[in-house]
Amino acid sequence: MTTPRIPFTVLLTELTDPNSQVRLQAIRSIMRRRSERGQAYMPLLALLKDPEEEVLKAAINALGSLNDPRTFPQLAQELPHYSPQLRLLALKTLEQLSFPQAILYWLENRYDVSKRICQAANIALKDVRAVEPLIIILGDTKRPLRGRAAFALGELGDVRAVDPLITALDDPIADVRDWVVRALGELGDVRAVDPLLTMLNDADASVRLGTVSALGKLGDARAVDPLITIARDDMNRSLRWSVASALGELGDVRAVDPLLAMLNDTDANVCLWAASALGKLGDVRAVDPLLAMLSNTSWAFRRVAAHSLGKLGDARAISPLRALLTDSTDTVAQQAQQAIAQLEEAV
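Take 1 as the starting number for the sequence shown in the numbering used here and just add one per residue.
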């Protein structure tokens with residue numbers, strides 16, 4: 001004997017039953033009624049506030065299957081109230097409903113306490129379809145996530161972001177400008193060089209620091225002289241060591257003399273980065289100062305000097321480097337051994 005089919009109106013009523021198991025079973029039964037289930041949209045939408053996790057999960061899945069765009073704002077509004085497991089399901093459902101609109105919510109949850117949400121957010125934000133939505137977020141000064149949008153655009157590496165990022169250099173918030181200059185460095189497009197050079201005068205030290213790093217990555221010779229000026233005149237030691245690093249990346253011999261002068265900087269990190277940069281430039285004028293650094297009392301100085309001397313290829317360094325093979329710091333001895341091998345191979 002066939003069990004009578006439950007009237008659809010009864011199933012709709014059961015969605016508000018006090019018993020959570022009845023509500024859950026009603027959702028399952030409704031979703032099997034393909035020709036009728038669309039009528040359940042509004043009652044299912046109300047279940048996005050249900051107190052029971054299993055009912056919420058079933059309701060979100062059901063609404064995802066109905067694929068009604070009206071669900072998006074209601075589901076997005078409930079996100080902060082859900083457990084990590086439900087947030088992940090809700091975010092994936094939002095993405096299914098509208099990928100462009102969902103990008104804002106992936107951006108908000110990129111650093112969630114849940115590792116699974118973070119991983120899913122990273123996947124979504126590295127999808128090429130995210131470029132246009134991220135550009136829109138970046139350009140809306142009412143959005144609090146413009147900095148995160150800039151960072152994500154830098155990761156994507158899509159040239160469509162270059163002009164919007166250049167425009168965003170005028171953002172009133174320093175933290176946003178900081179992310180923007182760094183993103184332009186990641187994109188590697190020389191259209192950004194001149195706009196970035198103007199950012200070397202930004203009122204915020206972090207923005208200037210990010211700009212120096214970006215110019216080093218872009219590798220354009222137009223940045224050399226402005227960076228040399230900073231190396232000579234700026235009192236910010238973090239900025240000076242960042243300049244030393246950038247000059248090494250740029251590889252222009254105009255930087256040799258300024259970098260040699262930076263070996264005598266009052267800040268140890270500036271000296272270390274200058275020594276490292278000199279190794280990259282390959283100019284023999286750096287050999288004698290670096291040989292002198294091999295006897296520095298700081299193991300970090302000895303190690304970086306050995307590393308750079310290995311790159312410079314001057315055989316005069318072999319004998320002094322051999323003296324470091326018995327250095328009391330293992331990393332110094334290992335670096336000396338590697339440098340000697342490089343020099344002997346070059347000879």
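Beta carbons: idealized from backbone N, C-alpha and C, even for Gly. Computed from a predicted model, the values in this text were never measured in an experiment.
Check                                                                                                               : Outcome
Separation of Leu44 from Met1, as counted between CA atoms                                                          : Reliability of the predicted coordinates at Met1 is poor, the pLDDT of 46 falling under 50, and the value obtained from them is presented with this limitation in mind. Roughly 32 Å between the two C-alpha positions.
Close beta carbons around Cys271, own chain, < 6 Å, minus the five adjacent residues each side                      : Leu263, Asp265
Three-pair Cβ contact test at 8 Å for the stretch 27-41 versus the stretch 74-81                                    : no
Proximity below 9 Å, CB of Leu324 to CB of Ala336                                                                   : yes
Tyr111 in three-state terms, based on DSSP                                                                          : coil
Asn122, DSSP secondary structure in three states                                                                    : helix
Environment of Tyr348 [buried if 16+ CB atoms lie within 10 Å]                                                      : Residue 348 lies beyond the stretch modelled for the chain, which goes from 1 to 347, so this question has no answer here.
Length at least 4, wholly inside the stretch 150-208: the alpha helix (DSSP H) runs in chain order                  : 162-167, 174-187, 193-199
Proximity below 9 Å, CB of Pro226 to CB of Leu260                                                                   : no
Rounded C-alpha distance that separates Ser29 from Leu79                                                            : 26 Å
Ranges of the alpha helix (DSSP H) found wholly within the stretch 215-273, counting only runs of at least 4        : 224-233, 237-250, 256-262
Assigned secondary structure, Asn67 (DSSP; H/G/I helix, E/B strand, else coil)                                      : coil
Beta-carbon gap between Val212 and Ala246 smaller than 9 Å                                                          : yes
Within-9 Å CB hit, Ala339 to chain B                                                                                : In the displayed structure, chain B is absent; only one protein chain is listed.
Alpha-carbon spacing of Phe8 relative to Glu52, whole angstroms                                                     : 23 Å
Residue from Leu89, Val190, Ala255, Leu63 whose Cα sits closest to the Cα of Asp283                                 : Ala255
Beta-carbon proximity list for Gly216, same chain, < 7 Å, skipping 5 on both sides                                  : Ser245, Ala246, Glu249, Leu250
Candidates Asp189, Arg237, Ala231, of which the one nearest Ala214 by Cα                                            : Asp189
Nonlocal neighbours in the same chain, by C-beta distance under 6 Å from Thr331, ignoring five residues either side : Arg303
Pro320 in three-state terms, based on DSSP                                                                          : helix
Burial state of Lys49, where buried means 16 or more other Cβ atoms lie within 10 Å                                 : exposed
Short Cβ contact (9 Å threshold) for Leu15 with Arg23                                                               : yes
Given Ala221 as reference, the closest of Leu291, Asp252, Ile135, Met199 once Cα atoms are compared                 : Asp252
Pair within 9 Å by beta-carbon distance, Val180 and Leu156                                                          : no
Cα-Cα separation, Ile123 to Leu321                                                                                  : 47 Å
Any 3 or more C-beta pairs closer than 8 Å across the stretch 108-115 and the stretch 126-140                       : no
Collapsed DSSP secondary structure at Asp350 in the structure displayed                                             : Not covered by the structure: residue 350. The range shown for the chain is 1 to 347.
Arg182 vs Ala150 beta-carbon contact at 9 Å                                                                         : yes
Rounded straight-line distance, which links the Cα of Ser65 to that of Arg37                                        : 10 Å
Closest Cα partner of Asp68 within the set Glu54, Lys57, Glu95, Leu56                                               : Glu95
Separation of Leu294 from Asp202, as counted between CA atoms                                                       : 38 Å
Which listed residue (Asp267, Ser308, Trp299, Ala268) has its alpha carbon closest to that of Leu281                : Ser308
Status (buried if at least 16 other CB within 10 Å, exposed otherwise) for Asp171                                   : buried
Given Met31 as reference, the closest of Ala58, Trp273, Leu134, Gln101 once Cα atoms are compared                   : Ala58
Burial state of Pro18, where buried means 16 or more other Cβ atoms lie within 10 Å                                 : exposed
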